[in-house]
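Chemist:
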Amino acid sequence: MLMASFLSLMKTPPVDFTEQLPDSSPLRPEPSSPLSIVKTFADNFSFSKAEFITDASNPDLSGFKEEKPSKLRRNKWQIHDINVYRVVDHTTNPTDVARAYGAKDMYRDITGADCMKFEKLLCKHECASATFIRRILTDEQDLSLTRAQLADMKKFLIVMMYRSDHRRSQYIEQRFDPFTEMSIRKHMEHNKISTIQAVWFENLKWLIDTPFDDIVKEFEEARAKGPIHALELEEFGDMMTHFIVCIWEAPAGSEFILSEGCFGSFEGAPGFRFHRFFVVSPRFAIVLVNKKYVDHRAKGGCYWVSLFGDKLHAYPETIYENGPPPKDFDPAIHSTPKDVFKFQRIVIPKEEVYKVNGILLDARLQCLTYKSSASMCKSLRYYEKVKMKMFDNRHDYSTLRRTLFSDLNRTHAVDR
């Protein structure tokens, strides 16, 4: 069993609204290992009979009661309140992260000899990600990853993106353009898969089960009849090989929000992604940046220009195990799993935070999660201002804006 909200591993200042997990999970890493971070805010589902069933596409607040925590709980954990806005009924519920979110046996496949195989495999990738994110959130100066650890983290982020409710619902509802649907059905015929919905689960299992280098090898071979659907393989391989990791930090007075799209939402041009966003706390987001775009821009090329300009990117410092590489650098010869990448936090302007939030606001399905009402209000104001020319869905958040404005006025009146 793995139970967690994605942020529940971090013992951080209150701004990161996190809480340590209960100690009951039999798959918890050894005491010296980081806590598991399987759960994103917007996702909550499990698998049964090699298919999948939706337990809840939103945080389950049905059992939540406004009451004081027990004395034991107050002594053991710090409570971090968050706000969850439900789109369907325009309601906002304050709650505690650890009580609102959790998942059990998310990757359970009872048809296999080891029904918890995929859950166990994911633990390995979680450990590298948990350690690195903990360093980010606790303001540690050393933000280093070996090449092997970076591969584990990239793979984990991609898994979390692909398992999201947004991606899963594409297969449940069969929302594909004619070309993609034809490609999926050819893949089903080749691999003897009976339903489109099962394609998503088989893709996910293969992604978890396959080593990073083997995924890249399959991607480079670009076979039409590969182990998973070709378009997904192309997407995974591209993110693994052509994207660099950057860490964006929201300045004081602003914060990142979370939605179903907070893990893996992208910004870019048709057929070409510039940025992939993975929000890990109100203060920080891990951003995968297309290095082909960065390199083309540096050379004065690339027809399209990102909404975020060219100043928010930084290649990590690389320390090669075998010493500085020669001019005729060959990754196959000079790269090793023990090479070290040193990353840095990039404090981005508030307007750039609102742009990220605008992308998440436009990509949301059923719920939004935020900490600060004031920051959320500013993000909604920005989204309303630019949505007609920048976004496709152009959601109406007038009810939430009125609620936030009313709450802020009431709070300020009490403060005065």
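Residue numbers (this note's numbering): 113 to 528.
The beta-carbon is built from N, C-alpha and C at its ideal position, and this holds for glycine as well.
Please read all numbers here as calculations on a predicted model, not as lab measurements.
Considering only C-alpha positions, which residue in the set Ala397, Ala364 and Ser295 is nearest to Phe378?
Modeler: Ala397
Chemist: Whole beta strand (DSSP E) runs in the stretch 445-519 with 3 or more residues, listed along the chain?
Modeler: 452-454, 457-459 and 479-482
Chemist: Could you say which of Glu314, Ile308, Thr353 and Leu316 lies nearest to Lys329 if we only look at CA atoms?
Modeler: Thr353
Chemist: In terms of residues, what are the limits of the alpha helix (DSSP H) holding Gly380?
Modeler: Run containing Gly380: none in the alpha helix (DSSP H); it sits in the beta strand (DSSP E), Phe375 to Ala381.
Chemist: Rounding to the nearest angstrom, what Cα-Cα distance links Pro443 and Pro428 in this structure?
Modeler: One Cα belongs to Pro443, the other to Pro428, and the distance between them is close to 16 Å.
Chemist: Could you tell me if the beta carbon of Leu520 falls within a distance shorter than 7 Å of some heavy atom in the ligand ZN?
Modeler: Summarising the ligand content, the structure contains no ligands, and the ligand ZN is consequently not present.
Chemist: Where Asp326 and Lys403 are concerned, what is the direct C-alpha to C-alpha distance, given to the nearest angstrom?
Modeler: So the alpha carbons of these two residues sit roughly 22 Å apart.
Chemist: Of all the options Cys374, Arg388 and Phe375, which has the alpha carbon lying nearest to the alpha carbon of Phe355?
Modeler: Closest in alpha carbon position to Phe355, among Cys374, Arg388 and Phe375, is Arg388.
Chemist: Is the stretch 460-478 touching the stretch 432-450, taking contact as three or more C-beta pairs under 8 Å?
Modeler: no
Chemist: Taking its Cβ as the centre, do 16 or more other Cβ atoms sit within 10 Å of Ser510, making it buried, or is it exposed?
Modeler: exposed
Chemist: Figure out for me which residue from Asp321, Ser276, Ile460 and Gly412 has the closest Cα to the Cα of Ala426.
Modeler: Ile460
Chemist: Using a 10 Å radius around the Cβ and a threshold of 16 neighbouring Cβ atoms, would you call Ser306 buried or exposed?
Modeler: By the 16-neighbour rule on beta-carbons within 10 angstroms, Ser306 is exposed.
Chemist: Could you name the residues of the same chain whose beta carbon sits closer than 6 Å to that of Ser366, not counting the 5 residues immediately before and after it, in chain order?
Modeler: Lys462, Val465 and Ser487
Chemist: Under a Cβ-count criterion, where at least 16 other Cβ atoms within 10 Å of its own Cβ denotes burial, should Asp226 be classed as buried or exposed?
Modeler: For Asp226, the predicted model reports a pLDDT of 49, less than 50, meaning its position is unreliable and no value from the coordinates is stated.
Chemist: From Pro232 to Lys317, what does the alpha carbon distance come to, in whole angstroms?
Modeler: What sits at residue 232 in the sequence shown is Lys, not Pro. The straight-line gap from Cα to Cα measures roughly 12 Å.
Chemist: So who's on the other strand from Glu361, going by DSSP bridges?
Modeler: Phe396 and Val459
Chemist: For Phe503, which residues from the same chain have a beta carbon less than 6 Å from its beta carbon, with the 5 sequence-adjacent residues on both sides left out?
Modeler: Apart from sequence neighbours up to five positions away, the residues of its chain that approach Phe503 with a beta-carbon distance below 6 Å are Asp474, ordered along the chain.
Chemist: Residue ranges of each alpha helix (DSSP H) run of no fewer than 4 residues wholly in the stretch 237-264, ordered along the chain?
Modeler: none
Chemist: Phe455: which of Asp251, Val196 and Val199 sits nearest, CA to CA?
Modeler: Asp251
Chemist: Output the distance between the C-alpha atoms of Val392 and Ser241, rounded to the nearest integer angstrom.
Modeler: 11 Å
Chemist: Look at the alpha carbon of Gly412 and the alpha carbon of Val406, and state the distance between them as a whole number of angstroms.
Modeler: 10 Å
Chemist: So for Leu269, helix, strand or coil by DSSP?
Modeler: helix
Chemist: For His299, which option in Asp201, Asp289 and Val311 has the closest C-alpha, if you only look at C-alpha atoms?
Modeler: Val311
Chemist: Buried or exposed for Ser518, going by 16 or more other Cβ atoms inside 10 Å?
Modeler: exposed
Chemist: Put Phe386 into one of helix, strand or coil per three-state DSSP.
Modeler: DSSP places Phe386 in the strand class (E or B) of the three-state scheme.
Chemist: Given this structure, state the Cα-to-Cα distance separating Arg259 from Lys266, to the nearest angstrom.
Modeler: 11 Å
Chemist: I need the boundaries of the beta strand (DSSP E) containing Thr430, first residue and last residue.
Modeler: Glu429 to Ile431
Chemist: Give the straight-line distance between the Cα atoms of Asp264 and Cys239, rounded to the nearest whole angstrom.
Modeler: 9 Å
Chemist: Under 8 Å between the Cβ atoms of Phe384 and Ser418?
Modeler: The criterion of a C-beta distance shorter than 8 Å is not satisfied by Phe384 and Ser418.
Chemist: Taking only beta-carbon positions, decide if Leu516 is within less than 8 Å of chain C.
Modeler: Considering every chain present, this structure includes no chain C. It has just one protein chain.
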